[in-house]
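**Q** In the UniProt record's numbering, the protein residues as written are 1 to 333. Beta carbons: idealized from backbone N, C-alpha and C, even for Gly. Below you'll find the structure I mean.
Written as structure tokens, this is what we have:
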């Protein structure tokens, strides 16, 4: 029996989450802020921006006031309820703040084609939405075509280490109660795939970095409630749609037994992959031509060997480069 595609089901989860008013969320707020901080490093302005799904309402909120020179926003989402919540929130918070002209565009869940015109945007922002797309390379390629030359793509998505504690607890509980394991937490992208996604999409100057954010919950129930409030419930319909009560209780017990902190809280790790890429333009820095180097690797190796400080740099450097910062927070009450 094959799993039902995640995208339409994901829309139902987002519709449900949209019933609650937009409220502070330490995890989502932190990811949005870290992603948009990258705009501060850009000397140019972006008049037309596309916000693609995910935490779109919070992204739009932070783009108010003319940030990065943005004058027009196209907000795209598969959930009409999320679009309406974003519209209502913008209208309620518009007093005293200048919001860009915003157009809300529904993306039919059954369609893999983005409702965007080619070369129509200076900036595309996807914050915590791409990890639910069925065809991530295809959608990123469409984002690239929607960008004007020298346009910027900013994206953040949850990575494969997200909810690793919950995965382990589920595995232990299923082995104990059922004698076997079936995935209960949806698979997510690995860090090593992110750079390939950018280059396959035809984006130049690709950059990838990773953060791990740890959120502490009072118990497993609060964790599940937080996931639902974000619209992040599992997006694959499994052979059995509901987790048996005995397995759910065993999972909660295993979670507490394996990971409970001294203060009684339960930690949950969220790995966030940040991706940056530019639509190609002649003004961008180009790689040097093959054979144009003036120093050989042999010379470098000899110099480092004579200096005596080159040992152990390779693997450790790669690990620190792919890693990011880590932080800890608690969910909203």
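(1) So within the segment 22-106, which uninterrupted beta strand (DSSP E) runs reach at least 3 residues, ignoring any that extend past its ends?
(2) I need the straight-line Cα distance from residue 71 to residue 59, nearest angstrom please.
(3) Considering only the beta carbon of each residue, do residue 127 and residue 180 sit closer than 7 Å?
(4) In the DSSP assignment, find the alpha helix (DSSP H) that holds residue 257 and state where it starts and stops.
(5) Grab me the residues of residue 329's own chain with a C-beta within less than 8 Å of its C-beta, minus the 5 sequence neighbours each way, in chain order.
(6) Note down the Cα distance separating residue 194 from residue 275, rounded to an integer number of angstroms.
(7) Locate the alpha helix (DSSP H) running through residue 140, then write down its first and last residues.
(8) When the Cα atoms are used, what is the spatial distance from residue 248 to residue 157?
(9) Go ahead and pull the three-state DSSP assignment for residue 229.
(10) Distance check for residue 296 and residue 148, CA to CA, integer angstroms please.
(11) Quick check on the DSSP output: what are the complete alpha helix (DSSP H) runs of length 4 or more inside the segment 148-215, in order along the chain?
(12) Let me check one thing: in DSSP terms, what residues is residue 132 bridge-paired to?
(13) Is the distance from the Cβ of residue 145 to the Cβ of residue 104 below 7 Å?
(14) Quick check on this structure: which residue in 290, 50, 113 has the alpha carbon closest to the alpha carbon of residue 102?
(15) On the three-state DSSP scale, how would you describe residue 269?
**A** The structure says:
(1) As far as the segment 22-106 is concerned, its whole beta strand (DSSP E) runs of at least 3 residues are 48-52, 72-77, 101-106.
(2) Each residue's alpha carbon lies about 14 Å from the other.
(3) No, the Cβ-Cβ distance between residue 127 and residue 180 is not below 7 Å.
(4) Per DSSP, residue 257 belongs to the alpha helix (DSSP H) from 245-259.
(5) Within the same chain, residue 329 has close Cβ partners 26, 27, 30, 213, 214, 215, 216.
(6) In this structure, the straight-line span from the alpha carbon of residue 194 to that of residue 275 is close to 7 Å.
(7) Its alpha helix (DSSP H) spans residues 136-146.
(8) Residue 248 and residue 157 have their C-alpha atoms roughly 27 Å apart.
(9) When DSSP states are grouped into helix, strand and coil, residue 229 belongs to the helix group.
(10) Between the alpha carbons of residue 148 and residue 296 lies a distance of about 38 Å.
(11) For the segment 148-215, whole alpha helix (DSSP H) runs of length 4 or above, ordered along the chain, are 164-178, 191-200.
(12) Paired residues: none, contrary to the question.
(13) In this structure, residue 145 keeps its C-beta atom at 7 Å or more from the C-beta atom of residue 104.
(14) If you compare the alpha carbons of 290, 50, 113 with that of residue 102, the shortest gap goes to 50.
(15) Here residue 269 carries a strand assignment [DSSP, helix/strand/coil].
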